[in-house]
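Only one structure is covered here, and it is reproduced in the block below.
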Amino acid sequence: MLSLLRRLTANKPIVFSIAVVLVLGAVVPIASTFLQPTKLAEAQQGGPPGGGAGLVVRTVPAGVGPISSVLGYAGAVQSTQQVNVIARTSGIIQDVPVDVGSAVHRGDTLAVLDQGALPAQLLQAQAGVLSARAKLAQVEAGAKPEDVAAAEAQLQQAQIKLVSLQQGRPEDVRSALAALDSANAKLSALMKGATDDQRQAAQSAVDSDSASVDAAQAGLDNFTGSSASDLQAAQSAVDSDKAALSAAQAGLDNLRGSNASDLQAAQSAVDTDNAQIAAAQAALQNLSGTTAADRQSLQSNVNADQALVNAAQAAIDQANGPPDAQIQAARALVVAAQAALDSAHSTKTALDNPTKPATNAQGGGTGACAVNAGGSTLNNAQCNAAKDAADSAIASANQQLTSAQAQLTQLRNGGPPATQAQLLGNLVSAQEKIKTDQARLAAEKGTINSQQTSAQTTLTTAQEKLKADQAKLDSLTNGTFQSQQAAAQSTLISAQQRLKADQAKLDAVVNGTQAAQLAQLQSTLEAAQQKLVSDQAKLDVLNSGPTDDDVRQARATIAQAQQALTKARQPGGDADLAQQQAAVDQAVANVQSKQDAYTDADLQAAVAGVAQAEAAVALAQANLDQTTVIAPFDGVIASKALTAGAFATPSTPIMTLASAGVEVHVTVEEARLAQVRSGLDVTLSVPAYPDQTYPAKVVNVAPAGDARAHTFDAKIVPTSQDQRLLPGMFAQVQVVAAQKPDAILVPREAVVQQGTSSVVFVNDNGKASQRQVQTGMSDATSIEVVSGIAPGEQVVVVGQNGLRNGAPIQVVNQNPAGQGQGGQGGGRQPGGQGGQGQGG
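Once you know that position 838 of the sequence shown is 838 in our numbering, the rest is easy, because the numbers rise by one and skip nothing.
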């Protein structure tokens with residue numbers, strides 16, 4: 001009762017007097033009853049100790065023991081982590097494998113979205129990586145030997161053609177030189193003019209023509225018709241004419257008649273023979289060098305042809321056996337296209353066959369389509385747009401699949417048909433060319449030994465021919481055959497004219513038509529007259545000498561021959577040489593480009609292409625991974641907002657995930673910050689388990705507090721997580737602010753407040769000794785005395801409020817033995833009070 005009174009008066013001094021009156025009214029009867037046996041005992045024993053009257057009190061000894069200062073706080077239990085789980089991309093949820101209360105670990109699948117065409121995009125990106133790596137391998141491998149060989153063969157051909165344009169072939173030069181000599185000889189003969197024999201022969205021809213004209217005219221004049229004798233006579237005349245014609249022709253052939261043109265021809269033949277002899281001698285002298293050069297040229301052609309054959313065959317082999325990387329890339333494109341087509345068909349099927357069609361309030365269709373079992377619907381416009389998009393995707397995927405399959409088939413079969421035909425044509429052309437050049441080379445090698453003999457034979461033949469042609473020219477010049485030739489020619493012409501006239505007459509007689517005979521005679525006359533005119537013109541030319549036109553024509557022939565010789569010695573003009581030199585330079589550059597097929601920039605571009613393709617794979621993989629929602633940490637599903645079939649977006653939470661660990665947040669006063677610090681051990685308790693405490697620790701105290709309330713947030717985490725501590729529970733926190741293991745302890749009721757001082761009354765040989773004390777920590781039953789008393793001193797715990805310093809007292813304890821027990825008692829309660837409790 002006294003203890004209760006002190007507590008009330010300690011917090012409410014205003015009502016202290018009223019409480020004392022009430023308490024004393026109740027205490028006096030109790031004290032009388034309580035003290036009656038004591039006083040009776042004292043009277044029997046001779047009075048109280050000390051021999052005088054005094055105030056009755058109870059005492060206990062001041063003890064030594066541990067004490068601590070405990071602060072109490074309250075707060076709510078909450079999860080260490082709690083997040084709203086969202087999808088990183090938009091899409092229809094296909095599966096949610098967890099439910100509220102499910103325990104999950106970090107990385108577990110929480111939801112799966114429709115992947116659509118993302119797998120196909122990943123396959124396509126992976127195929128791009130294969131293609132880029134194949135390109136990089138090609139660049140790293142460098143130039144192909146067959147490409148270099150083909151480029152070198154083209155260079156050799158261009159160089160050979162350039163040399164031929166610069167120097168020309170020896171045989172062409174020899175032929176052009178002979179033509180020039182012949183043209184000069186003709187001009188020389190023309191300038192000398194006709195000889196007497198030539199004029200005589202021409203005059204004989206004119207005379208013969210005149211005789212033929214006269215004969216024809218006479219025949220025409222004497223024509224009177226025909227009879228049997230005429231027929232016989234005509235036939236005899238024809239037979240005679242034929243015999244005469246044959247004889248004249250034979251005579252002319254034997255004489256090998258000559259005229260002015262024959263003289264020129266003979267002179268030209270002699271000049272040509274001289275040129276051929278000179279050419280044969282030069283050829284004989286230069287035979288070995290020319291042969292070696294020709295042989296080297298032919299061998300170069302064969303080598304170039306072989307390089308072309310090898311290059312063509314290598315191209316065909318490469319087309320028929322493409323690298324595995326290209327095959328894999330083509331297959332990957334086919335797989336990607338097929339996956340895209342399957343995905344597009346799946347989407348179209350889902351739109352065409354909804355599993356849960358939408359209905360309106362009247363039970364009819366709404367025009368919307370349900371795309372999944374969860375009931376998520378699209379309105380009519382959205383549904384039609386989605387179907388159109390799916391149809392377009394199917395058409396595009398079909399086209400891509402067809403193209404990819406065609407590319408794969410062509411790759412396996414050696415490329416497109418046009419390319420195959422071109423490659424095969426190149427090979428056949430190269431093979432035919434090498435056959436031709438090999439045959440030329442073999443022929444060249446086979447005739448090496450016989451060329452000198454042939455050249456010598458050519459020289460000898462030319463020399464013999466020169467002798468014969470010179471003799472003929474001499475004969476023509478001396479006139480030996482001139483007159484004979486003229487006579488034979490005249491005889492032949494006369495015989496021809498007579499035969500023609502007699503044959504016409506015979507035909508006319510045979511046909512029985514005088515008109516025909518007359519026409520035949522007239523025709524014979526006209527022919528004889530025309531020949532007379534022609535031969536007379538020739539005679540006039542010979543008599544008058546060469547004309548200016550003849551000289552100009554001969555000189556033009558010489559100029560043409562000179563140009564031909566220049567062309568033969570240097571076949572190419574300046575433009576041709578410049579063009580061919582440019583072709584050689586281009587061929588050299590082509591060889592260099594084939595030898596150094598790829599530059600550092602090409603290598604860097606190929607490496608960058610691989611990096612870009614790999615980045616595309618990473619992006620496609622990331623997009624595909626985003627369709628799977630995973631747990632960011634270990635925890636429990638606290639709530640679920642969306643189910644399978646719903647449309648998820650990055651702004652719509654699918655569920656809430658709370659961590660398995662819990663923590664408690666309490667508000668600490670500014671004045672207690674020194675006592676509630678980070679790392680301090682505390683205990684937790686919850687109303688659900690009142691007899692259970694949970695060890696915990698202050699993890700941190702907020703560095704900034706509430707400026708108005710002057711409080712700070714402290715986070716407290718259990719030392720070991722207990723599944724019984726659930727988020728939302730109310731928790732009480734006990735904080736041991738300070739403690740001392742060997743403090744001087746007295747009951748709380750032993751300390752009396754006098755003004756601002758704290759005093760304790762001690763039994764000093766039957767008198768009350770007032771001690772001013774300094775107190776420290778306290779708990780529910782005891783208070784620490786820092787100074788003023790010593791351990792073991794008897795302090796008044798009952799009756800102390802009416803005492804004065806030095807007043808006599810009578811100590812009355814119910815159990816003297818308890819005093820000893822109280823002196824020995826330790827712990828949080830002083831021994832006297834403890835003893836009283838035990839002595840009861």
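Just so it is clear, CB atoms sit at the ideal spot from N, CA and C, and this is done for glycine as well.
Since we're looking at a predicted model, the values are computed, not measured.
Might you give, ordered along the chain, the residues of its own chain that have their beta carbon closer than 6 Å to the beta carbon of residue i, omitting 5 neighbours on each side?
i	result
A269	D469
V551	none
G54	P808, I809 and Q810
A737	S69, L71 and Q675
Going by other Cβ atoms of all chains shown within 10 Å of its Cβ, with 16 needed for buried, is residue i buried or exposed?
i	result
L24	The predicted model places L24 with a pLDDT of 33, which falls under 50 and marks its position as unreliable, so this point remains unresolved.
Y73	buried
M655	buried
L525	buried
S182	buried
G116	buried
D535	buried
A125	buried
T349	exposed
Y694	buried
Q774	exposed
G806	exposed
V853	The first residue shown for the chain is 1 and the last is 840, placing residue 853 beyond what the model contains.
If I follow the unbroken alpha helix (DSSP H) through residue i, where does it start and stop?
i	result
H105	From DSSP, H105 is part of no alpha helix (DSSP H); its letter is neither H nor E.
S651	Per DSSP, S651 belongs to no alpha helix (DSSP H) and is neither H nor E.
S343	D324 to D352
A750	Note, A750: premise wrong, no alpha helix (DSSP H); not H, not E.
A211	D196 to D221
State yes or no: is the C-beta of residue i within less than 7 Å of the C-beta of residue j?
i	j	result
V759	Q772	yes
T80	G661	yes
N301	E146	no
A202	L539	yes
N795	V762	It is worth fixing the name first, because residue 795 is Val in this sequence and not Asn. In contact: V795 and V762 (Cβ atoms closer than 7 Å).
Q675	V70	no
A390	A344	yes
A280	A495	no
H665	K697	no
Between which residues of its own chain and residue i is the CB-CB distance below 8 Å, once the five residues before and five after are set aside?
i	result
R555	L187
Q217	L525
E784	I67, K740, A743, I744, L745, T775, G776, M777 and S778
L411	P322, Q326, I327 and A330
I789	A62, I744, V746, V760, V762, R771, V773 and V795
T33	Because T33 sits at a pLDDT of 38, beneath the cut-off of 50, its placement in the model cannot be relied upon, and the following sentence gives the value as read from the coordinates. Within the same chain, T33 has no close Cβ partners at all.
Q167	R569 and Q570
Starting from residue i, follow the beta strand (DSSP E) in both directions and report where the run begins and ends.
i	result
V64	G63 to S79
P727	Looking at the DSSP string, P727 is not in any beta strand (DSSP E), and its letter there is neither H nor E.
H665	V662 to E669
R771	K767 to S778
Q675	Here Q675 belongs to no beta strand (DSSP E), and DSSP marks it neither H nor E.
Q810	I809 to V811
What three-state label does DSSP hand residue i in the structure shown?
i	result
A519	helix
T683	strand
G142	coil
T457	helix
A790	coil
G91	strand
V733	strand
N84	strand
D706	strand
S490	helix
S720	coil
A641	coil
G864	What the structure shows of the chain is the stretch from 1 to 840, and residue 864 is not part of that stretch, so it cannot be assessed.
R745	A small correction: the amino acid at residue 745 is Leu; Arg does not occupy that position in the sequence shown. Three-state DSSP puts L745 in a strand.
D181	helix
Q626	coil
T599	coil
Residues in the same chain with beta-carbon distance under 7 Å from residue i, minus the five sequence neighbours each way, listed in chain order, please.
i	result
L252	A488, Q489 and L492
H105	A631 and D634
V139	Y598, D602, L603 and A606
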